[in-house]
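Start counting the sequence shown at 100; every next residue gets the next number (this note's numbering). C-beta atoms are modelled at their ideal positions from N, C-alpha and C, and glycine is treated no differently. Structure first, then comments.
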Amino acid sequence: MNSATETTLRIALPPRRLLSLRDARGSTLRVCSGMVWITAEDCADDVFLAADERYVVACDGLVLVEMHTPRAARGFDGPASVEIRAPERVIGIAHDPDPKNQLEPSSAAG
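Right, here's the structure in full:
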């Protein structure tokens, strides 16, 4: 990827909310807190990542990221936090139609 067109965002991802990336080959996701489930179009396996683990998108197409709370961690009460380094054009957020539930980037990292 051309670093001049990349952006890095940290996004808080509450339960039952999806982050979507399109045509994100080469983008890097790092879990800052919590655990996430990642599924990518045209990739055979889903991925589960915990805090401080990274995933480099190897496929084109749609990538979905969702907070995952395994049974052993049901007491975790905060949203997962994900840092994404990708071209601005690939970052999209799947919104809940209820305006009070809109998912917003928590802060821009540089």
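- In the DSSP assignment, the residues bridged to R153 are R129.
- Beta-bridge partners of A185 (DSSP): T106.
- The shortest CA-to-CA distance from M134 to any of R184, M166, A185 is the one to M166.
- In the DSSP assignment, T168 is bridged to no other residue.
- The Cβ-Cβ distance between L161 and E182 does not fall below 9 Å.
- Within the same chain, Cβ atoms closer than 7 Å to the Cβ of S132 are found at A150, G177, A179, S180, the five residues on either side in sequence being excluded.
- For the 9 Å CB-CB criterion, L117 and L148 do not form a contact.
- Under the three-state reduction of DSSP, R121 is assigned to strand.
- Residue pairing by DSSP places A143 opposite no residue, since no beta bridge is assigned to it.
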